[in-house]
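Chemist: Questions regarding the structure given below will be posed in turn.
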Amino acid sequence: MNPIVSVIVPSYNPGAKFTQCLASLDRLREVLEFQAVLVDDCSTDSTYARIVRFGGTRDWVTPHQLERNSGSPSKPRNIGLTLATGDYVIYLDADDQILPEGVIAALDVARRTNADFVRAPLIRVDGGGEQLMNTIDNWSAFRSRSEKAKAIVRFHSTIPTALFSRQFLLDHALTWSTDLHIAEDAVFLYQALAAGTVEYADVPLYIYDSTSVAGQTSATQRYENAEMRNHIIAWSECQRILATLGIDYFATRGQVALQAVIRNMIRYNRNGFDRDTFREFGNLLRSHPSVAQYTYNDRFAEIRDLILADRYEDFLEAIKARMVIAGPDLKFIIPALPTLEQHYQVCIDEWLSHDEHDQLRSEKLLSWAEIIFCEWMLGNAVWYSERKKPEQRLVVRLHRFELTKEYGLDVETENVDRFVVIAPALVDELQITFGIPRTRIAYVPNFIPINDYDRGTDPSRVFNLAMVGFVPKLKGLHRALELLAELRKYDKRYTLSLYGKHPSEYPWVMSNPEEVAYFEYCNQIVRENNLMDAVHFGGWIDTKKVLSNVGFVLSLSDVEGSHVAATEGFASGAISLILHWPGALFLYPKNFIFRTLDEICGYILDKSDQQVYEREQKIGAEAMKRLYK
């Protein structure tokens, strides 16, 4: 006996959401005899093995796997139809969930009206909650086939929330286009409207899960040249199909469709569009006068008008997402601005301190931004997390420093899309210190353009040691001075350069008795070991230039996040030496990490031979190229 319904589920690496999809099929089986046709598009993970295990204990499951990946759900859906045996067919994506009550309601309407297919609402879920979509009020007021079709076009997204007569699909050879990887659902829906009769059931058919998952990117999270060409083809085809029903696609649905495309251009474009594709897209829109009358906000209207006016260069700049970079002490992010500005419109909201800022400027930039990037998890992250809008994305990047402060307790965690840490060891510490879920944390190394550094070649640089940043106490200046004193017992040519602000330039250091006493102790080491002529204060420097004269960059801190100076040392042709701090082994080769100053001293003395030095330096430089490529 044939099942009543066949649910066709295409899959390709669906991830954790697939568990909910399969569970929903089990729930449907409790109320309905149906067939689940699970067609895997040659996933690269364990998806098909899961399908086989799932079907092994359920005789109502038909598993199938394609021989090679097709690149879209269209071919798996078409194959699924050939395997379906139910009187009706539902297409369900592997990251969504079927709703049994919706299926029952749609079946009731189909049987009662003898419709070729029945459309239904859906429930859209994301990180912000649930939303009922695709509802149509007063459906009974639409009498004719054309009126009903126009209502579907106008009020429904093209997500395939529908129950189809299988015989109807077979009789009209209705298949999914394998030439399109987006908008194929619109073409399929409108072909069905042109071929048959449609009715509407007002009970949601399934849950559409649009929650983003770290590491997973769907076809709807990309919009570049290929996607624009797809829309040129698909929208032209939609216009042609609906014209047979007396419906103007661009007048009826075009405003919503173009709005979605512009939003995706802003959010997901990284490589722009070629001139010919842009002009062809503009030609299509210009051929439909209604496009110029679409009602959009100023942002979207500007982009629409640039397309219609064929202003290619201005369009490429306008579709860049608007990014605000907010925070105090932006020295770590400023070097990345030239790269960021290739992809974003960037404005800076520089805070005067952890808490002080120009609130009027911050509020103005908040209303302008689409992406907010908080450098440091301090008062800036608290302020923006409390005020960001749901459609805005907020990223907070933190260094180890913030783990010693309490601002993280006041950040509205649910409003932060991603917490970015600059070192792997900080992932666990962020979770432990502030209870931030692991799913919201990402590790991204500091931006360091390692190819921009001058590289030293002078053999005498092996006698030049340096620290970049030696304040506060935890940086371990006393260790560097003790190391220098020991090295000079063997060779008086060893010197130490200290780069960065002097302790006297930090009011908070000079007002802290413990810090003041520490740096007096360091001065005592200098005097007692007669290092006055061997220690040089260089102040702020251009590390890309100056470090090329250094042989060894020292990282002797009690604790660090990633210590940019160590990477800069290798990039400049120096060797960076690290007195082990937690997390160092995640970032640097172990032969440059030491447990004691005596080990570091012996290493430096051994590298006075130029060939030995260069061999070791190459190991470190290559490791940094792999990390910061």
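Residue 1 is where the sequence shown starts when you use the UniProt record's numbering, and the numbers rise one by one after that. Even for Gly, the Cβ is constructed at its ideal location relative to N, Cα and C. All values derive from a computational prediction rather than experimental measurement.
For residue 440, which option in 424, 30, 431, 446 has the closest C-alpha, if you only look at C-alpha atoms?
Modeler: To locate residue 440, count along the sequence shown from 1; it is residue 440. Taking only the C-alpha atoms, the option nearest residue 440 is 431.
Chemist: Between the C-alpha atoms of residue 548 and residue 389, what's the straight-line distance to the nearest angstrom?
Modeler: As a position in the sequence shown, residue 548 is number 548, starting the count at 1. As a position in the sequence shown, residue 389 is number 389, starting the count at 1. One C-alpha to the other measures close to 46 Å.
Chemist: By a C-beta neighbour count over all protein chains shown, 10 Å radius and 16 as the cutoff for buried, is residue 490 buried or exposed?
Modeler: The residue you call residue 490 lines up with position 490 of the sequence shown. The residue is exposed, with fewer than 16 neighbouring Cβ atoms inside 10 Å.
Chemist: Straight-line CA distance for residue 97 to residue 210?
Modeler: Within the sequence shown, residue 97 is the residue found at index 97, counting from 1. Within the sequence shown, residue 210 is the residue found at index 210, counting from 1. When rounded, the distance between both Cα atoms is 12 Å.
Chemist: For residue 577 and residue 476, I'd like the C-alpha separation in whole angstroms.
Modeler: Residue mapping note: residue 577 aligns to position 577 of the sequence shown, counting from 1. Residue mapping note: residue 476 aligns to position 476 of the sequence shown, counting from 1. Cα to Cα, residue 577 sits roughly 13 Å from residue 476.
Chemist: Among the residues of its own chain, which have a CB less than 8 Å from the CB of residue 180, if the five just before and after it don't count?
Modeler: Reading the sequence shown from its first residue, position 180 is the one you call residue 180. The answer, listed in chain order, is 72, 74, 187, 230, 233, 234.
Chemist: Hey, could you find the ends of the alpha helix (DSSP H) residue 47 is sitting in?
Modeler: Locating residue 47 in the sequence shown gives position 47, counting from the first residue. First-last of the alpha helix (DSSP H) with residue 47: 47-56.
Chemist: Use the C-beta contact count for residue 619: other C-beta atoms within 10 angstroms, 16 or more gives buried, fewer gives exposed.
Modeler: One-based indexing of the sequence shown puts residue 619 at position 619. Counting Cβ neighbours within 10 Å, residue 619 comes out exposed, since fewer than 16 surround it.
Chemist: Please confirm if the stretch 296-316 is in contact with the stretch 192-206, defined as three or more CB-CB distances below 8 Å between the two stretches.
Modeler: No: the two stretches stay apart, fewer than three of their Cβ pairs being nearer than 8 Å.
Chemist: Runs of 3 residues minimum, wholly inside the stretch 61-96: which ones carry the beta strand (DSSP E) assignment?
Modeler: 61-65, 88-91, all fully within the stretch 61-96.
Chemist: So the candidates are 526, 52, 205; which of them puts its Cα closest to the Cα of residue 24?
Modeler: One-based indexing of the sequence shown puts residue 24 at position 24. Minimum Cα distance to residue 24 is reached at 205.
Chemist: Which runs of the beta strand (DSSP E) spanning at least 3 residues fall entirely within the stretch 123-210, listed in chain order?
Modeler: Entirely contained in the stretch 123-210, the beta strand (DSSP E) runs reaching 3 residues are, in chain order, 129-133, 162-165, 198-200, 206-209.
Chemist: Return the residue from the list 400, 448, 532 that minimises the CA-CA distance to residue 433.
Modeler: Residue 433 sits at position 433 when you count from the first residue of the sequence shown. Nearest C-alpha to residue 433: 400.
Chemist: Kindly indicate which three-state DSSP category residue 5 falls into: helix, strand or coil?
Modeler: Here the question's residue 5 lines up with position 5 in the sequence shown. Residue 5: strand per DSSP, three-state reduction.
Chemist: How far does the alpha helix (DSSP H) with residue 586 in it extend, from its first residue to its last?
Modeler: Residue 586 sits at position 586 when you count from the first residue of the sequence shown. Where residue 586 is concerned, the enclosing alpha helix (DSSP H) stretches over 584-587.
Chemist: Count Cβ pairs between the stretch 273-290 and the stretch 322-332 that sit closer than 8 Å; are there 3 or more?
Modeler: They do not touch, by the three-pair rule.
Chemist: Judging by CA-CA distance, which residue of 201, 427, 280, 329 is the nearest neighbour of residue 445?
Modeler: Walking along the sequence shown from the start, residue 445 turns up at place 445. Comparing Cα positions, the closest option is 427.
Chemist: By the DSSP assignment, the beta strand (DSSP E) with residue 374 in it spans what residues?
Modeler: Against the sequence shown, residue 374 aligns to sequence position 374. Segment 371-375, the beta strand (DSSP E) holding residue 374.
Chemist: Can you check which of these residues, 110, 20, 338, 566, is closest to residue 551 by C-alpha distance?
Modeler: Mapped onto the sequence shown, residue 551 falls at position 551. Checking every option, the nearest Cα to that of residue 551 belongs to 566.
Chemist: Answer yes or no: the CB of residue 610 versus the heavy atoms of the ligand COA, is any distance below 7 Å?
Modeler: Looking for the ligand COA in the displayed structure turns up nothing, as the structure carries no ligands at all.
Chemist: Taking its Cβ as the centre, do 16 or more other Cβ atoms sit within 10 Å of residue 93, making it buried, or is it exposed?
Modeler: Locating residue 93 in the sequence shown gives position 93, counting from the first residue. Per the 10 Å Cβ criterion, buried.
Chemist: Anyone know if the C-beta pair for residue 100 and residue 163 falls short of 8 Å?
Modeler: In the sequence shown, the residue the question calls residue 100 occupies position 100. In the sequence shown, the residue the question calls residue 163 occupies position 163. No.
Chemist: Please identify the residue among 264, 254, 265 whose C-alpha is closest to the C-alpha of residue 284.
Modeler: On the sequence shown, residue 284 is found 284 positions in, with the first residue counted as 1. Answer by Cα proximity: 254.
Chemist: Could you tell me the distance, in whole angstroms, from the CA atom of residue 598 to the CA atom of residue 487?
Modeler: Numbered from its first residue, the sequence shown carries residue 598 at position 598. Numbered from its first residue, the sequence shown carries residue 487 at position 487. Cα-Cα distance, rounded: 10 Å.
Chemist: Taking buried to mean at least 16 other C-beta atoms within 10 Å of its own C-beta, is residue 216 buried or exposed?
Modeler: What you label residue 216 is simply residue 216 of the sequence shown in a count that begins at 1. Bear in mind that a pLDDT of 49 at residue 216, under 50, signals an unreliable position, so the model cannot answer this.
Chemist: Helix, strand or coil, according to DSSP, for residue 217 in the structure here?
Modeler: Taking the first residue of the sequence shown as position 1, residue 217 is located at position 217. Its pLDDT being 47, under 50, residue 217 is placed unreliably in this model, and the coordinates cannot settle the point.
Chemist: For a quick check, are the C-beta atoms of residue 241 and residue 200 less than 8 Å apart?
Modeler: Counted from its first residue, the sequence shown places residue 241 at position 241. Counted from its first residue, the sequence shown places residue 200 at position 200. No, the Cβ-Cβ distance between residue 241 and residue 200 is not below 8 Å.
Chemist: At which residues does the alpha helix (DSSP H) containing residue 436 begin and terminate?
Modeler: Within the sequence shown, the letter at position 436 stands for residue 436. Here residue 436 belongs to no alpha helix (DSSP H), and DSSP marks it neither H nor E.
Chemist: Could you check whether the stretch 502-520 touches the stretch 467-481, counting it as contact only if at least three pairs of C-beta atoms, one from each stretch, sit closer than 8 Å?
Modeler: Because the criterion of three Cβ pairs below 8 Å is met, the stretch 502-520 and the stretch 467-481 touch.
Chemist: Go ahead and pull the three-state DSSP assignment for residue 100.
Modeler: Looking up residue 100 in the sequence shown gives position 100. DSSP places residue 100 in helix when its eight states are reduced to three.
Chemist: Please classify residue 555 as buried or exposed, where buried requires at least 16 neighbouring CB atoms within 10 angstroms.
Modeler: Walking along the sequence shown from the start, residue 555 turns up at place 555. The residue in question, residue 555, is buried, as its Cβ has 16 or more Cβ neighbours within 10 Å.
Chemist: Would you mind stating whether residue 575 and residue 592 have Cβ atoms separated by less than 8 Å?
Modeler: Here residue 575 refers to the residue found at position 575 of the sequence shown. Here residue 592 refers to the residue found at position 592 of the sequence shown. In this structure, residue 592 lies closer than 8 Å to residue 575 by Cβ.
Chemist: Report the residue from 184, 267, 207, 192 whose alpha carbon sits nearest the alpha carbon of residue 236.
Modeler: For the purposes of this step, residue 236 is identified with residue 236 of the sequence shown, where counting begins at 1. Among 184, 267, 207, 192, the Cα nearest to that of residue 236 belongs to 184.
Chemist: At what residues does the alpha helix (DSSP H) containing residue 237 begin and finish?
Modeler: Translated into the one-based positions of the sequence shown, residue 237 becomes position 237. Here the alpha helix (DSSP H) through residue 237 covers 225-243.
Chemist: Would you list the residues sitting across from residue 345 in a DSSP beta bridge?
Modeler: As a first step, residue 345 is located in the sequence shown; it is residue number 345 there, counting from the start. Partner(s): 322.
Chemist: Once the 5 residues before and after residue 152 are set aside, which same chain residues still bring their CB inside 7 Å of it?
Modeler: Residue numbering aside, residue 152 sits at position 152 when the sequence shown is read from its first letter. Here the set comprises 119, 193, 198.
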